[in-house]
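Last residue of the sequence shown? That's 418 in our numbering, and every number before it is there in order.
Worksheet: one structure, shown below.
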Amino acid sequence: MKILILGSGAREYSIALALKQSPKKTELFFAPGNAAMQKLGTNLNLKDINVIASYAKAKEFDLCIVGGESFLAQGVVDLFRQNNIPIFGPTKAAAMLEISKSFMKSFLKKHKIKTAKFLNTSDLQKAKAFIKTLTPPIVIKADGLCAGKGVIIAQSYEEAFKASEDMLSGKSFGDAGKLIVIEEFLDGFELSVFAVCDGTDFVLLPVAQDHKKLKDNDQGPNTGGMGAYAPSTLADENLLRRIQRDIIIPTLNGMKADDNEFNGVLFAGIMVVNNKPFVLEYNVRFGDPECEVLMPLLDDPLELILACVEKRLKHTQIKIKDEFAVGVVCASKNYPYSSSEKTPIHIKEIPENTHISYAGVSLENEQLFADGGRVLVCVGLGKSIQEARNKAYELCENVEFEGKQYRKDIAFQVLK
Ligand code: AMP
Ligand code: GLY
């Protein structure tokens, strides 16, 4: 099978690595890809979705897998479908669950799915009046895609007013902030829940947890994610049942009822408050770094993806391994503040039950360089979270590049 993967991060690398282990023979292509992906397939130096679609058609690709939301927001799925090229991901209309936070909140309200109390508005006076009805901290969100930066947790009314004003005026996030969502603050623990859907049926993947802060004990600035693990033992049977019954099923049914069928990865950011799950946000693709720990837990991710694209999930047996995975992100010296000088990567040894998913790297004369914010993810597998974590850190210590920074406490919420 000729498969095209769209993206260039460790998420897309981990998908490629998993596909390479599929019983089906695969030939992989990436657009645009990263330097390490060249070892798994062919990088196409293409970014424009029209050019990518024409190329995919001309070369008779059998499948396209979309990594990130920006391609989805451009309507890549609609375009590929018009060209009869099989593609895994939601249409642009279904991707609105991630593209627009106000759309998502209105959808949740309409379908009576639990989420934080909120107001969508583009009027500063209405924003201020609603803020006054809440107790700080108060959450202010830009409506549009902001690469994970569009959420402000204001500690006072003044800060909430200022955040609203800066967003609505276009000062903080341009057009993405001209409509905002104001929300009550939910105090609990967060889970990343992935339902892989074929429009009607879905498979729930092991529940993961991300670590967004740069430093141990959730200190320091927000990042794109510094590590993840799965399955999380914080999600017991009872909670999982509630998440399916109260969130995933009503969402998929709601999308269908609204004539907006969801096909692809529905990624629910869940806050659990007093054992009750609330939707914080929806994403419409795999999480990064969650994907890097989920891929190795699936027996045959290609079969899962094909079953969704071909709408035959109901008749497909999806096996999930009885194992745990922990992924630790190694980032560059100045991440997430500024770029860092590129520096060579030296890897002593890849221990058993570990592997690396590469992101911000470049290659020169066969030498790999750290050349980006999040450079690579060290993944460890094991029969317990502790064992998987030990493995991941064993690998981390074998990876050297100048300025390497990583959290030492991934999975701390379950390994206190
Ligand atoms: P979002 O992009 O909407 O998931 O927000 C990013 C992060 O902000 C989440 O992962 C949470 O840590 C935090 N957050 C968002 N909304 C809320 C809320 N209503 N209450 C508490 N924390 C929130
Ligand atoms: N790990 C969070 C995200 O991918 O948005």
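Idealized CB from N, CA, C, for every residue including glycine.
All of these numbers come straight from a predicted model, not from anything done at the bench.
By the three-class DSSP mapping on this structure, what secondary structure does residue i have?
i	result
Glu283	strand
Gly256	helix
Thr135	helix
His348	strand
Pro34	strand
Lys41	helix
Ser72	helix
Val363	strand
Glu29	strand
Leu397	helix
Asn392	helix
Gly9	strand
Tyr231	strand
Lys217	strand
Val416	coil
Gln127	helix
Ile251	helix
Pro298	helix
Ile155	strand
Pro291	coil
Gly176	helix
Pro303	helix
Leu121	strand
Asn262	coil
Ala149	coil
Asp238	coil
Ile101	helix
Distance, Cα to Cα, residue i vs residue j?
i	j	result
Pro25	Asp302	8 Å
Gln246	Asn277	14 Å
Ala178	Glu160	22 Å
Thr225	Leu65	31 Å
Leu188	Lys114	18 Å
Leu8	Glu354	29 Å
Lys1	Thr117	No answer is possible for residue 1: the residues shown for the chain start at 3 and end at 418.
Thr253	Ser102	16 Å
Lys406	Glu167	38 Å
Asp220	Ser340	20 Å
Gly229	Thr123	34 Å
Val363	Leu370	7 Å
Lys49	Ser158	42 Å
Val209	Phe163	36 Å
Leu19	Ile250	28 Å
Ile67	Asn47	17 Å
Lys393	Glu239	27 Å
Val141	Val275	16 Å
Ala97	Glu71	8 Å
Val53	Gln40	20 Å
Val331	Val198	24 Å
Glu325	Leu136	43 Å
Leu306	Leu268	14 Å
Ser359	Arg376	11 Å
Asp260	Pro298	35 Å
Glu283	Asn367	43 Å
Met257	Gln319	25 Å
Who are residue i's beta bridge partners in DSSP?
i	result
Glu186	Ile140
Arg376	Ala333
Phe326	Gly384
Glu192	Met273
Val198	Val205, Val267
Phe90	Ile67
His357	Val381
Lys278	Val275
Leu19	The partner list for Leu19 (beta bridge, DSSP) is empty, contrary to what the question assumes.
Val53	None; Val53 has no bridge partner.
Glu402	His348
Lys4	Glu29
Leu370	Leu365
Ala210	Ser194
His407	The amino acid occupying residue 407 in the given sequence is Gln; His does not appear at that position. Answer is Ala333, bridged to Gln407.
Asn224	Lys215
Would you mind giving the Cβ-Cβ distance between residue i and residue j, rounded to the nearest angstrom? I have them listed as a contact below 8 Å.
i	j	result
Leu81	Ile51	6 Å
Glu14	Lys119	About 36 Å; that fails the 8 Å criterion.
Ala270	Val281	6 Å
Gly172	Lys180	6 Å
Ile17	Tyr231	Not really, about 18 Å apart at Cβ, beyond 8 Å.
Asn85	Ala60	No, Asn85 and Ala60 are not in contact; Cβ-Cβ is about 10 Å, not under 8 Å.
Leu296	Thr356	Contact doesn't hold; Cβ gap of about 16 Å is too wide.
Pro279	Arg244	6 Å
His213	Arg391	The pair is not a contact, with the Cβ atoms about 12 Å apart (cut-off 8 Å).
Q: Starting from the N-terminal end, write out each residue whose C-beta falls within a distance shorter than 5 Å of any non-hydrogen atom of the ligand AMP.
A: Ala118, Val141, Val153, Glu185, Phe187, Leu188, Gly271, Leu282, Glu283
Q | For review: beta carbons within less than 5 Å of any heavy atom in the ligand GLY | A | Asp212, Gly227, Gly289, Asp290
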